[in-house]
Amino acid sequence: MRVAVVAGPDPGHAFPAIALCRRFLDAGDQPMLFTGTRWLDDAKKAGITAQRLKGLAPRVEDDDMDAGRRIHERAAYISTELLPDLSATLPELVVSDILTAGGGLAAERLDVPWVELSPHPLYAPSKALPPIGSGLAPGEGIGGRLRDNLMRAATGRSIRQGLAQRSRARVGVGLPELDPGPAARLIATLPALEVPRPDWPAEAHVIGPLHWEPTEAVLELPPGAAPLVMVAPSTAFTGAVGMVEATLAGLADADVRVAVSTLDAPPADLPDWATAGLGRQDELLTHAAVVVCGAGHGLLSKALLAGVPVVAVPGGGDQWELANRAARQGSAVIVRPLSAEAVRAAVLEVLGDPRFAAAAARAAATANDVDDPVAVCRKVLAG
396 MRVAVVAGPD
406 PGHAFPAIAL
416 CRRFLDAGDQ
426 PMLFTGTRWL
436 DDAKKAGITA
446 QRLKGLAPRV
456 EDDDMDAGRR
466 IHERAAYIST
476 ELLPDLSATL
486 PELVVSDILT
496 AGGGLAAERL
506 DVPWVELSPH
516 PLYAPSKALP
526 PIGSGLAPGE
536 GIGGRLRDNL
546 MRAATGRSIR
556 QGLAQRSRAR
566 VGVGLPELDP
576 GPAARLIATL
586 PALEVPRPDW
596 PAEAHVIGPL
606 HWEPTEAVLE
616 LPPGAAPLVM
626 VAPSTAFTGA
636 VGMVEATLAG
646 LADADVRVAV
656 STLDAPPADL
666 PDWATAGLGR
676 QDELLTHAAV
686 VVCGAGHGLL
696 SKALLAGVPV
706 VAVPGGGDQW
716 ELANRAARQG
726 SAVIVRPLSA
736 EAVRAAVLEV
746 LGDPRFAAAA
756 ARAAATANDV
766 DDPVAVCRKV
776 LAG
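Under this note's numbering, the letters of the sequence shown match residues 396 to 778, in that order.
Okay, structure coming up:
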């Protein structure tokens with residue numbers, strides 16, 4: 396297949412797109428990646444043909460405080476900017492990241508089938524779940540079901556507003572008002588992080604997490620044999636602030652070692668029992684006894700896939716939802732609000748109770764029950 400994969404530059408979306416391109420390459424297909432400039436060279440080093448995704452920069456008229464306008468109006472503009480480059484690649488199929496909806500619109504404008512990539516659990520509303528983002532388990536009994544019904548009603552207006560914004564954006568680029576949606580949805584998560592629902596969409600396929608390492612470097616570990624605590628601050632702009640500092644302060648005399656994994660410049664003046672920098676997280680996880688992270692899907696799923704339990708320090712976005720799902724599954728302890736004392740207590744709780752590691756191992760085992768994304772895409776193309 397000639398497959399165009401479209402994703403924005405945020406690591407939580409660009410990295411899964413690059414990983415999916417690698418899956419296509421390994422299967423003998425021809426992927427073309429469209430993403431932000433930050434990862435283009437790295438993608439090319441990984442053997443992927445890649446181009447800059449135009450239209451990502453905010454325009455004067457864009458209102459990024461309105462999530463619906465940010466997603467849908469920007470998607471229409473991106474689809475127009477992308478159209479010439481996408482058409483030139485002669486794609487047989489387009490895979491568009493869920494937040495970079497312009498890829499799907501551009502595919503529709505070219506009359507090319509397209510598939511949506513969700514680098515996290517399925518976040519579509521359900522008649523049986525509380526609204527996504529609440530972090531709540533489905534309500535039980537009459538009271539619980541009433542709570543969920545009231546919460547769904549409260550969020551229904553925003554959902555309808557978003558659909559109307561999407562319809563206007565579609566009409567603005569010459570597409571029918573009614574959105575037919577993608578031919579398939581790739582849900583790139585662990586089954587352990589999904590929530591059962593009676594209205595699971597027939598076109599949605601759980602394919603397991605898509606991980607890609609942006610470096611081949613290996614982070615040097617602190618000396619000694621004490622348990623290793625891996626700290627990975629969120630790459631999202633909504634992530635909790637001060638996680639690294641609070642963790643280092645809280646664990647100062649806890650008889651552990653700390654390794655801080657970061658894409659940015661590492662903190663200075665580290666104690667001798669800590670190290671920091673850019674290094675392969677998959678390799679680091681083979682040494683870690685616990686991970687302190689923001690509960691963004693990328694690192695959370697990577698830790699659980701390695702069978703490593705988590706201390707979750709969720710920020711905004713979907714991190715609260717994911718942290719609570721992992722906690723209910725038994726593999727995580729949530730820290731909110733953030734403080735050095737709370738992180739210390741949570742880390743020591745996880746290290747002292749083998750049930751957390753056992754739950755993480757059970758979560759990892761669910762990766763055996765997923766669909767192959769390449770096979771799903773080929774089935775779409777076959778009609």
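Glycine included, C-beta positions come from ideal geometry on N, C-alpha and C. Every value quoted in this text rests on a predicted model; they were computed, and no experiment measured them.
Please report the distance separating the alpha-carbon of residue i from that of residue j.
i: Gly619; j: Arg652; result: 8 Å
i: Leu700; j: Ile443; result: 25 Å
i: Leu665; j: Pro404; result: 30 Å
i: Ser562; j: Glu716; result: 28 Å
i: Leu658; j: Pro709; result: 18 Å
i: Leu500; j: Ala470; result: 7 Å
i: Asp437; j: Leu588; result: 29 Å
i: Arg542; j: Ala721; result: 22 Å
Would you identify the three-state DSSP class for residue i, choosing helix, strand or coil?
i: Glu487; result: coil
i: Thr430; result: strand
i: Ser553; result: helix
i: Ser696; result: helix
i: Thr444; result: strand
i: Thr610; result: coil
i: Arg565; result: helix
i: Leu500; result: helix
i: Ala452; result: coil
i: His515; result: coil
i: Val655; result: strand
i: Val601; result: strand
Assuming the contact rule is C-beta atoms closer than 8 Å, residue i and residue j should be a hit. Round their C-beta distance to whole Å, please.
i: Glu468; j: Ala564; result: 6 Å
i: Pro586; j: Asp767; result: The pair is not a contact, with the Cβ atoms about 14 Å apart (cut-off 8 Å).
i: Thr610; j: Gly674; result: 7 Å
i: Ala641; j: Leu517; result: Contact doesn't hold; Cβ gap of about 32 Å is too wide.
i: Val775; j: Ala579; result: 5 Å
i: Gln714; j: Gly691; result: 6 Å
i: Leu477; j: Phe429; result: 6 Å
i: Glu736; j: Gly645; result: 6 Å
Quick check on the burial criterion: 16 or more other C-beta atoms within 10 angstroms. Buried or exposed for residue i?
i: Ala583; result: buried
i: Leu680; result: buried
i: Thr495; result: buried
i: Ser553; result: exposed
i: Thr750; result: According to the sequence shown, residue 750 is Arg rather than Thr. Its Cβ having fewer than 16 others within 10 Å, Arg750 is exposed.
i: Arg739; result: buried
i: Glu615; result: exposed
Just tell me which of the options has its CA closest to the CA of residue i.
i: Ile527; options: Ala718, Leu733 and Ala754; result: Ala718
i: Ala770; options: Trp595, Lys449 and Ile602; result: Ile602
i: Val480; options: Ala445, Ala452 and Val745; result: Residue 480 is actually Asp in this sequence, not Val. Considering only alpha carbons, the answer is Ala445.
i: Asp574; options: Ala502, Val745 and Asp424; result: Ala502
i: Val655; options: Ala414, Val639 and Ala532; result: Val639
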